[in-house]
Amino acid sequence: MSAAESASALEAPGSSSRSVPAEHLDYSFIQSCSDLKHLEQILRVLRSGQDGFYPHLVEFCEKHIEKLDPKSRVLRKEHQAATAASFSTEEWRTISEDLQVKHLQDVLARREKDKGNGAFRSGDYEEAVVYYSRSLSLAPSVAALNNRAQAHIRLQHWSTALSDCDAVLQLEPGNVKALLRRATAHKHLGHQQHSHADLRAVLLIEPHNATADTHTTTLNTQQQVHTHTHRKHNVHYKTNRCFCCRGFPEFELLKHDGNALVRSGCYQEAVDRYTGCLQLKPHECAVYTNRALCYIKLQRFTEARHDCDSALQLQPTNKKAFYRRALANKGLKDYAACRSDLQQVLCLDASVTEVEQLLMEVTQLMTHSRGSSGTRRTITITEFGQVLGSAVSGGDLLTCAELLRSVAPERLPRLISTQLDGHTLGFIIRALNTHLLHTHPELVFLHLQQLHTAHRLTVSKPHANNTLTYVQDEQTNLSLWTVG
């Protein structure tokens, strides 16, 4: 009897739908059979073991069914929930260790976040940012991101605060705190429409949110003032347009307009004019320094510093660029970078009296800042190692840089004594170069000197000469930033 005839005989009246002839439990029959339902029935009988256990035949039947219908329900296997008995001793040990590490990271992350909250309450927002960053490097959380965004807002780091708020809203799209803080950052960055949109989103979630109501009213008032001012100056702008048509270059027109707006105190409108200038001529140093001044007046210090950097790339000895970058760094509370810029101004022109006065003020601020931070910031070898190890494994250069900025250089050899190897050394130097070199060159130089010492104590001899040469080269390059 053929396979097809046998299958049809089973389906004839009076036959049992659950019985399968013994001759059908055979490799050759299964291979020649194309009736999927009958094959599934054969597989059930084989799995039941009522006619004996044939694991190879079961596997052969499963593979044949899979060729005919890969999605056949009979191929699905039930799996019980895994327990410790489901794993080998080594596998279970690995799982247990991973769970313990995860729990430890969560505990350490909460501890760092609590330290950040304490620093925030005491008004030390820079230290709060360091602790929140450590917490995030151990275990990212919405709460730590939100808190760090608020600390950046207090420091007037608008762009960084905006990034943290964006990260929160990717995790929790309706987070009210993040929406309110992002609205604040957008407002200070001059993004009025984005700020309005975030406030409207808050009011949709919480219609009676008093903070959102207050901010919305303030923005509406500012928008009305901006519209009135724009109309007032638009007449002047159109008049100048006529002169432009008679042969004056558009660049000079926009620059002249921007200068007039600065004298009138309309700094945001002046920024727009200077931006137009740079679109026409992107290599005009004076326009960068003028726009930097507007940003400083608007307390947008990060943008001001960026414009001064652009100006100094075009004219490395531009006094205005150094002085205005010093003002921007002071606004960002980066007193070391501010002092360095002021010293550069005095090297170029020692007769500028206001620079000397500002230099004395910044030096006092630095002394006070170091004194106050020195009494509070104490980090143990264990804490340092945990944060550094997490940063290195995650490739987090920013956290590594903030960690190095938070410790005194003379403590570095002891803190790093159990951590230093070739990979870690290279990572530390990259963090110093990308995040601290331009803002804290003296601190970077001191750290490199201490790394030199730590290296000789801990790096194996086969790698010593290459690494020592690398560190010394870095010191030579950094000396260019610290002279004067």
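Everything in the sequence shown is counted per numbering that gives the first Met the number 0, starting at 0 for the first residue and increasing by one.
All C-beta atoms in this analysis are idealised placements derived from N, C-alpha and C, irrespective of residue type, glycine included.
Bear in mind that the values here come from a model prediction, so they are computed numbers and not experimental data.
Query: So the alpha helix (DSSP H) I64 belongs to, where does it begin and stop?; Result: P54 to L67
Query: From D333, L107 and R304, pick the residue whose C-alpha is nearest to that of L135; which is it?; Result: L107
Query: Between M365 and A335, what straight-line distance do the alpha-carbon atoms span, to the nearest angstrom?; Result: 7 Å
Query: Which residue comes first and which comes last in the alpha helix (DSSP H) that contains G330?; Result: K318 to G330
Query: Just confirm the distance between the C-beta atoms of L358 and L341, as a whole number of angstroms; I'd bet it's less than 8 Å.; Result: 4 Å
Query: Within the same chain, show all residues whose beta-carbon is closer than 7 Å to that of L326, passing over the 5 residues directly before and after it, in chain order.; Result: I295
Query: Does the region 51-66 come into contact with the region 25-41, if we say contact requires no fewer than three beta-carbon pairs (one atom in each stretch) closer than 8 Å?; Result: yes
Query: Measure how close the beta-carbons of R299 and L161 come, nearest whole angstrom, since I'm counting them as under 8 Å.; Result: That belief does not hold up - the Cβ atoms of R299 and L161 are roughly 12 Å apart, past 8 Å.
Query: Taking the alpha carbon of L450 as the point to measure from, which residue in Q192, T398 and L431 has its own alpha carbon closest?; Result: L431
Query: I'd like to check one pair, E382 with V129: are the Cβ atoms closer than 8 Å?; Result: no
Query: Note down the Cα distance separating E90 from E96, rounded to an integer number of angstroms.; Result: 10 Å
Query: Can you tell which of L137, K112 and L56 has the C-alpha that lies nearest to the C-alpha of G384?; Result: L137
Query: Out of V443, S87, K329 and N146, which one is the CA nearest neighbour of K490?; Result: A question about residue 490 goes unanswered here, because the residues of the chain that appear run from 0 up to 483.
Query: Between which two residues does the alpha helix (DSSP H) harbouring C284 extend?; Result: C284 to K296
Query: Relative to the C-alpha of A143, which candidate in A127, Q155 and S194 has its C-alpha closest?; Result: A127
Query: Thinking C-beta only, is A291 closer than 8 Å to C307?; Result: yes
Query: Between which two residues does the alpha helix (DSSP H) holding I428 run?; Result: G421 to A430
Query: Excluding five sequence neighbours on each side, which residues of the same chain lie with their C-beta closer than 8 Å to the C-beta of N487?; Result: Because the chain in this structure spans residues 0 to 483, residue 487 falls outside the shown range and cannot be described.
Query: Taking DSSP as the reference, what is the three-state secondary structure of H195?; Result: helix
Query: Considering only the alpha carbon of each residue, which of D420, L414, V167 and G421 lies closest to I378?; Result: L414
Query: What span of residues does the alpha helix (DSSP H) with G257 cover, start to end?; Result: E249 to R262
Query: Is I152 buried or exposed, if buried means 16 or more other CB atoms sit within 10 Å of its CB?; Result: buried
Query: Taking the alpha-carbon positions, what's the S132 to T398 distance?; Result: 6 Å
Query: Could you give the C-beta distance for R323 and A303, rounded to a whole number, given that I count them as a contact under 8 Å?; Result: 7 Å
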